[in-house]
Amino acid sequence: MGHARGVICLAAGEAGLPIANYEPTCVKKVVTGNGRASETQMQQAVKLQLGLENVPEPNEVADAMAIALTGHCLTGNPLSV
0 MGHARGVICL
10 AAGEAGLPIA
20 NYEPTCVKKV
30 VTGNGRASET
40 QMQQAVKLQL
50 GLENVPEPNE
60 VADAMAIALT
70 GHCLTGNPLS
80 V
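In numbering that gives the first Met the number 0, the protein residues as written are 0 to 80.
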(Lines of atoms letter the chains of each structure in order from A and count residues from 1; the text may use other names and numbers.)
(Lines give C-alpha, C1' and ligand atoms only; values in the text may rest on other atoms or scores of the structure.)
Protein backbone atom coordinates (compact mmCIF):
# COMPACT_ATOMS: atom_id res chain seq x y z
CA MET A 1 0.00 0.00 0.00
CA GLY A 2 2.85 2.38 0.74
CA HIS A 3 4.14 2.22 -2.84
CA ALA A 4 0.69 2.82 -4.31
CA ARG A 5 0.13 5.78 -2.00
CA GLY A 6 3.49 7.21 -3.01
CA VAL A 7 2.65 6.97 -6.70
CA ILE A 8 -0.74 8.60 -6.12
CA CYS A 9 0.83 11.42 -4.08
CA LEU A 10 3.46 11.98 -6.77
CA ALA A 11 0.87 12.10 -9.55
CA ALA A 12 -1.35 14.46 -7.57
CA GLY A 13 1.60 16.72 -6.78
CA GLU A 14 2.69 16.85 -10.41
CA ALA A 15 -0.88 17.73 -11.42
CA GLY A 16 -1.06 20.46 -8.78
CA LEU A 17 -3.84 18.69 -6.89
CA PRO A 18 -4.08 19.04 -3.11
CA ILE A 19 -3.86 15.95 -0.93
CA ALA A 20 -5.82 15.60 2.30
CA ASN A 21 -5.57 13.00 5.03
CA TYR A 22 -8.51 12.17 7.30
CA GLU A 23 -8.43 9.97 10.39
CA PRO A 24 -11.04 7.17 10.38
CA THR A 25 -12.82 8.70 13.37
CA CYS A 26 -13.09 12.02 11.50
CA VAL A 27 -14.61 10.32 8.45
CA LYS A 28 -17.07 8.40 10.62
CA LYS A 29 -18.04 11.57 12.53
CA VAL A 30 -18.63 13.57 9.35
CA VAL A 31 -20.60 10.84 7.58
CA THR A 32 -22.63 9.39 10.47
CA GLY A 33 -22.29 11.88 13.31
CA ASN A 34 -20.58 9.18 15.38
CA GLY A 35 -16.79 8.82 15.36
CA ARG A 36 -17.14 5.19 16.43
CA ALA A 37 -19.74 4.14 13.84
CA SER A 38 -19.77 0.53 12.68
CA GLU A 39 -19.08 -0.52 9.11
CA THR A 40 -22.80 -1.21 8.65
CA GLN A 41 -23.68 2.28 9.88
CA MET A 42 -21.11 3.74 7.50
CA GLN A 43 -22.53 1.82 4.53
CA GLN A 44 -26.08 2.92 5.36
CA ALA A 45 -25.04 6.57 5.79
CA VAL A 46 -23.19 6.59 2.46
CA LYS A 47 -26.20 5.00 0.77
CA LEU A 48 -28.56 7.64 2.17
CA GLN A 49 -26.31 10.65 1.56
CA LEU A 50 -25.57 9.69 -2.04
CA GLY A 51 -29.09 8.50 -2.82
CA LEU A 52 -27.94 5.02 -3.81
CA GLU A 53 -30.37 2.16 -4.35
CA ASN A 54 -28.13 -0.36 -2.59
CA VAL A 55 -25.56 -0.34 0.16
CA PRO A 56 -22.09 0.06 -1.38
CA GLU A 57 -20.14 -3.19 -1.24
CA PRO A 58 -17.53 -4.33 -0.47
CA ASN A 59 -16.83 -2.30 2.67
CA GLU A 60 -13.81 -0.68 1.02
CA VAL A 61 -16.07 0.91 -1.60
CA ALA A 62 -18.22 2.46 1.13
CA ASP A 63 -15.04 3.65 2.86
CA ALA A 64 -13.78 5.34 -0.31
CA MET A 65 -17.14 7.03 -0.84
CA ALA A 66 -17.18 8.14 2.80
CA ILE A 67 -13.73 9.69 2.41
CA ALA A 68 -14.91 11.57 -0.69
CA LEU A 69 -17.97 12.81 1.22
CA THR A 70 -15.75 13.94 4.07
CA GLY A 71 -13.49 15.87 1.72
CA HIS A 72 -16.51 17.50 0.14
CA CYS A 73 -18.06 18.45 3.48
CA LEU A 74 -14.85 19.80 4.99
CA THR A 75 -13.50 21.67 1.97
CA GLY A 76 -16.58 22.48 -0.10
CA ASN A 77 -14.92 21.04 -3.19
CA PRO A 78 -17.43 19.73 -5.73
CA LEU A 79 -18.44 16.09 -5.49
CA SER A 80 -19.14 14.28 -8.73
CA VAL A 81 -20.97 10.97 -8.58
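All C-beta atoms in this analysis are idealised placements derived from N, C-alpha and C, irrespective of residue type, glycine included.
Close beta carbons around residue i, own chain, < 8 Å, minus the five adjacent residues each side
{"i": "Thr-74", "result": "Ala-19"}
{"i": "Pro-77", "result": "His-71"}
{"i": "Cys-8", "result": "Ile-18"}
Whether residue i touches residue j by CB criterion (8 Å)
{"i": "Val-30", "j": "Val-45", "result": "yes"}
{"i": "Gly-34", "j": "Thr-24", "result": "yes"}
{"i": "Ala-61", "j": "Met-41", "result": "yes"}
Residues of its chain near residue i, where Cβ-Cβ distance is below 7 Å and the 5 sequence neighbours each way are ignored
{"i": "Ala-65", "result": "Val-26, Val-30, Met-41, Val-45"}
Three-state secondary structure (DSSP) of residue i
{"i": "Asn-33", "result": "coil"}
{"i": "Glu-22", "result": "coil"}
{"i": "Val-54", "result": "coil"}
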